[in-house]
Amino acid sequence: MQDRHQRCSRRKFLASAAALTLAGGVAAQPAEGQGDLPLSRTRPAKPSNKGRKPLAVLTTVYRPLSHAYHIAGRFLHGYARGGQLHVPKHYIHSLYVDQTPDNDLSGEVARKFGVRLTRRTSSVS
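Take 1 as the starting number for the sequence shown in the numbering used here and just add one per residue.
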């Protein structure tokens, strides 16, 4: 009977795993001198392109919740890392989108962030 109480049930295992995961995230602190900005709860201002290298994005679609939306968005807006806003050392210079469905965001992103939008892959660079 005591053997049954010593075994780890699925419920106990999941509770322990969740506690360890949360404890690991709390202890993470950003290193000094990384140049990250304090994390704001509002949308941050457009990051400066000064000192950043250009990137070209070639994608099939650029709409809400698409892969390109999330990946390119990190280079456009920055992202949270260790409780701070991290701005990557690259910025989106030009954007090629193959398909433009009704909910396409490429035109809006191009206007808002000064990204060159092109319809030919040869002129992306």
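All residues carry an ideal CB built from backbone N, CA and C; glycine is no exception. All figures in this text were calculated on a predicted structure; none of them were measured in a lab.
Whether residue i touches residue j by CB criterion (7 Å)
i: HIS93; j: ARG52; result: no
i: PRO88; j: PHE75; result: yes
Contacts around residue i, its chain only, beta-carbon distance under 7 Å, and the 5 residues preceding and following it disregarded
i: TYR79; result: HIS86
Residue from the options whose Cα sits closest to the Cα of residue i
i: THR121; options: GLN99, VAL109, ASP104, PHE75; result: GLN99
i: LYS112; options: HIS77, HIS67, ARG119; result: HIS77
Classification of residue i by the beta-carbon crowding that lies within 10 angstroms, buried from 16 upward
i: LEU105; result: buried
i: ASN18; result: The displayed chain sequence assigns Ala, not Asn, to residue 18. ALA18 should be labelled exposed.
i: ALA45; result: exposed
i: ALA72; result: buried
Minimum Cβ-Cβ distance from residue i to chain D less than 7 Å
i: ARG111; result: Protein chains in the displayed structure number just one, and chain D is not present.
Would you check if the region 100 to 107 and the region 48 to 62 touch, i.e. whether three or more CB-CB distances between them fall below 8 Å? In this structure the region 48 to 62 lies against the region 100 to 107, because at least three pairs of beta carbons, one per stretch, are closer than 8 Å.
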